Amino acid sequence: MPKSKVENDIVEKQKIISSLTLMDDLFMKVVLQDKECTEYILQTIMDDSTLKLKRQSLQKNLSNLHGHSLVLDCLCEDRDNNIYNIEIQNNISGAEPKRARYHAGLMDMHYLKKGNHFSQLPKSYVIFITANDVLHGQLQIYHIERTIQESGKPFWDESHIIYFNTSYVDNSPLGKLAEDFHAKETEQMNSDILSKRVALLKNAKPNEKGGKEMNVLLENYRKKALKEGIEKGIEKGIEKGREEEIIAKQKVIQLMGLLAEHGRIDDIKKSSIDQDYLQALLLEFGL
6 MPKSKVENDI VEKQKIISSL TLMDDLFMKV VLQDKECTEY ILQTIMDDST
56 LKLKRQSLQK NLSNLHGHSL VLDCLCEDRD NNIYNIEIQN NISGAEPKRA
106 RYHAGLMDMH YLKKGNHFSQ LPKSYVIFIT ANDVLHGQLQ IYHIERTIQE
156 SGKPFWDESH IIYFNTSYVD NSPLGKLAED FHAKETEQMN SDILSKRVAL
206 LKNAKPNEKG GKEMNVLLEN YRKKALKEGI EKGIEKGIEK GREEEIIAKQ
256 KVIQLMGLLA EHGRIDDIKK SSIDQDYLQA LLLEFGL
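Using this note's numbering, you'd call the opening residue of the sequence shown number 6 and step up by one each time.
Pasting the structure below:
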């Protein structure tokens, strides 16, 4: 007997959930709702097992009335009042040095209250967790700080930028953490803290706490993929006159909706960069 639409939807959702890793920014934000996971990641990157967080905020909006605002993946503060911005970056363009500089600057602006002296600025860390070695130094981790060029001594402004290259895997604590960021199965993960959280989310039933969080994630994932697919698909799929352009746009939008409905997120991504694949999908759905 053929499966019902509901059964097919469940299967497709489970496929998506099974494929998620900590390098998926939307999934990572759900994982980090457990503060213990954030602490473990920071303890490993900072090489400080005593680091404890006082508070954290996910999807923190840092507004800028006179310029570009930011929505931070994770913003947190430890017991010593040091602040950390953790960002998952899969694309080189999202991890460029001037972006890290801007994150640090906007954090300073928001943490220095009106009337406070500059000396009250907290020590800050912008941490980019990257899928690849975007700085091309063949290093696992990069610590960036200002120095006095003439003497080579630190400038001591207490502003730090860290790039953690997760493509570099070895048996060190950092290497094992890098491996965990790309693991799809919890059995492949080294950290008990992370694997337990990921297992809870991936195996939870829809009416359980973890299941509800994953349902929200899947909806956000669908919206994000649909938005990106429509934007890129329209850009790739429209080349002829105005009338044909309108028809092509409608077909691409309809296709992206159907793909999202069937949980075919990978097809949305691939069709956004492959014109032939896009045309094949349009043919498959009779559009």
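Idealized CB from N, CA, C, for every residue including glycine. Just so we're clear, the structure is a prediction, and the values are computed from it rather than from any experiment.
With the rule of 3 Cβ pairs closer than 8 Å, the region 273 to 291 does not count as touching the region 30 to 46. Listed as beta-bridge partners of Ile167 by DSSP are Ile132 and His148. Buried is the label assigned to Phe186, since at least 16 other Cβ atoms lie within 10 Å of its Cβ.
Taking all protein chains shown into account, Val76 has fewer than 16 neighbouring C-beta atoms within 10 Å of its C-beta and is therefore exposed. Around the C-beta of Ser129, 16 or more other C-beta atoms lie within 10 Å, and the residue is accordingly described as buried. DSSP, reduced to helix, strand and coil, places Ile91 within a strand of the structure shown. Rounded to the nearest whole angstrom, the C-alpha separation of Ile166 and Ala253 is 45 Å. His122 and Tyr116 have their C-alpha atoms some 11 Å from each other.
One alpha carbon belongs to Glu163, the other to Val221, and they sit about 38 Å apart.
Looking at Asp271, Leu287 and Gly110, the one whose alpha-carbon comes closest to that of Lys18 is Asp271. As the crow flies, the alpha-carbon of Leu292 is around 18 Å from that of Lys275. With at least 16 other beta carbons inside 10 angstroms of its own, His108 counts as buried. Around the Cβ of Phe160, a 10 Å sphere holds fewer than 16 other Cβ atoms; the residue is exposed.
Taking C-alpha positions only, Glu190 is separated from Val36 by approximately 14 Å. When C-alpha distances from Tyr173 are compared across His141, Asp197, Gly99 and Leu263, the shortest belongs to His141.
Rounded to whole angstroms, the gap between the alpha carbons of Met261 and Ser196 is 37 Å. Counting C-beta atoms within 10 angstroms of its own C-beta, Asn170 has 16 or more neighbours from the protein chains shown and is therefore classed as buried.
With a cutoff of 8 Å on beta-carbon distance, Thr43 and Ala188 are scored as not near each other. Within the model, the alpha-carbon separation for Ser200 versus Lys207 is close to 10 Å.
By the Cβ neighbour-count rule, Gly268 is buried, with 16 or more other Cβ atoms within 10 Å of its own.
Note: Val76 is bridge-paired with Asn66 in the DSSP secondary-structure output. For the pair Lys59 and Glu82, the CB atoms are nearer than the 8 Å cut-off. With a threshold of 16 other beta carbon atoms within 10 Å, Thr49 meets it and is buried. Under the three-state reduction of DSSP output, Gln61 falls in the strand class. For Asp281, the enclosing alpha helix (DSSP H) stretches over residues Gln280 to Glu289. Each residue's CA atom was taken as its position, placing Tyr147 and Asp138 some 10 Å apart. Collapsing the DSSP output to three states places Asp162 in coil.
Secondary structure note for Ile270: its alpha helix (DSSP H) is the uninterrupted segment Ile270 to Ser276.
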